[in-house]
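*Asks:* The structure under discussion is supplied below as structure tokens; questions concerning it will follow.
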Amino acid sequence: MNRLQNKTSVITGAATGIGKATVELFAKEGATVLCADINTEEMEKTANELNKNGGNVKSYHVDVSDEESVTNFANQVKEEFGTIDVLFNNAGTDQEGGKVHEYPVELFDKIIAVDLRGTFLSSKYLIPLMLDNGGSIINTSSMSGRAADLDRSGYNAAKGGITNFTKAMAIDYARQGIRVNSLSPGTIETPLIDKLAGSKDEEMGHKFRDANKWITPLGRLGRPDEMAKVALFLASDDSSYVTGEDITADGGIMAYTWPGKMLIDNEWKEDTE
């Protein structure tokens, strides 16, 4: 407990999923948490609940893909807090778009704008608030930034960019005492997964989760709180000598080259029930 005591943390994409779980965990660990998202209604619900229980959480409407929105937010944070200690660039979006020759340009631009450009803009305008005292930056990438998915080239490009952008930032700011790492989740039970693949109560959502049970060595989807714990490690002094790394938390998917025997081994599939 109290691993982030007296630290000010900014979390983008804070309203739902991994972002929300991280807000809750960071607040419990003693941080002042500044939540940024376009979904202010959900953020405010979380903030109010945490503040009732002794937390110190504030919410801000921010569109990370919009430079003016990000600069206004950074200026407000500077005015209210002066400096920050942790930046979790977690905001992101995803959607299938078909093969590259079919892929809508506007969809590609949107995903790049939110996921990759948003990480750049938030870093560019908030890093100055970390230069004097150092700190930790965590960028949400994905296992899809290390390997590819069918019909999701825009997301693959954005997340692959984030993974390498993280390494560039780690080199740029190491001598200022700013550590920069990326977190690459696998498939996590979030509202975004419900939107992409269907909820647990829908037939397609049920089929999607069943498929992930056997293809994931741990036999299930991940939980947002599990990702939040990895983010906490990277944000805290527990990872004081870790920078430029991409930590993949995917239940083991990236540990194998291809499904191989898993495709025909019924015992493997039955073990996940």
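Everything in the sequence shown is counted per the numbering used here, starting at 213 for the first residue and increasing by one.
Glycine is no exception: its CB is placed at the ideal position from the N, C-alpha and C atoms.
(1) Below 6 angstroms CB to CB, which residues in the same chain sit around threonine 474 once its five sequence neighbours on both sides are set aside?
(2) Rounded to a whole number of angstroms, what is the C-alpha to C-alpha distance between isoleucine 250 and aspartate 278?
(3) Spatial neighbours of serine 448 within its chain, please: CB distance less than 7 angstroms, with the 5 preceding and 5 following residues excluded, ordered by chain position.
(4) Using three-state DSSP, classify glycine 231 as helix, strand or coil.
(5) Do methionine 355 and glycine 398 come within 8 angstroms of each other at the CB atom, strictly closer than that value?
(6) Around the C-beta of proline 436, are 16 or more other C-beta atoms found within 10 angstroms, so that it is buried, or is it exposed?
(7) What would DSSP say about proline 471, mapped onto helix, strand or coil?
(8) Near methionine 439, which residues of its chain fall below 8 angstroms by C-beta distance, leaving aside the five closest residues on each side in sequence?
(9) Entirely within the region 275–342 and at least 4 residues each: give me those alpha helix (DSSP H) ranges in chain order.
(10) Quick one: residues in its chain with C-beta nearer than 8 angstroms to the C-beta of tyrosine 367, no 5 flanking neighbours on either side, listed in chain order?
(11) Where DSSP assigns a beta bridge to glycine 347, which residues make up the other side?
(12) Taking the alpha carbon of glycine 225 as the point to measure from, which residue in Arg432, Asn263, Tyr272, Lys264 has its own alpha carbon closest?
(13) On a Cα-Cα basis, can you pick out the residue from Thr375, Gly346, Phe285 that is closest to arginine 358?
(14) Let me know if leucine 430 comes out buried or exposed under the rule of 16 or more other beta-carbons within 10 Å of its beta-carbon.
(15) Pairs of beta-carbons, one from the region 381–396 and one from the region 452–460, closer than 8 angstroms: are there three or more?
(16) So isoleucine 350 packs on serine 335, CB below 8 angstroms; how close in whole Å?
(17) Scan the region 369–417 and note each continuous beta strand (DSSP E) run of 3 residues or more that stays entirely inside, going in chain order.
(18) Applying the 10 Å Cβ sphere with the 16-neighbour rule, what's the burial state of lysine 219?
(19) Please work out which residues of its chain come closer than 6 angstroms, Cβ to Cβ, to threonine 428, disregarding the five sequence neighbours upstream and downstream, and give them in chain order.
(20) With distances taken from CA atoms, which of Pro471, Pro403, Lys379 is nearest alanine 423?
(21) If you drop the 5 nearest sequence neighbours on each side, which residues of the same chain put their C-beta closer than 7 angstroms to that of alanine 333?
(22) Given this structure, state the Cα-to-Cα distance separating asparagine 260 from arginine 364, to the nearest angstrom.
*Replies:* The structure says:
(1) It should be noted that the sequence gives methionine, not threonine, for residue 474. Trp480.
(2) 11 angstroms
(3) Arg215, Leu216
(4) helix
(5) yes
(6) buried
(7) coil
(8) Ile230, Ala233, Thr234, Leu395, Pro397, Ile400, Ala461
(9) 279–293, 317–323, 330–338
(10) Asp306, Gln307, Ile323, Asp327, Ser354, Ser356, Asp361
(11) Ile390
(12) Tyr272
(13) Thr375
(14) exposed
(15) yes
(16) Isoleucine 350 to serine 335, Cβ: 11 angstroms. No contact.
(17) 390–397
(18) buried
(19) Gly463, Ile465
(20) Pro471
(21) Per the sequence presented here, residue 333 reads as leucine, with alanine not at that position. Excluding positions up to five away in sequence, the list reads Val276, Glu279, Val282.
(22) 36 angstroms
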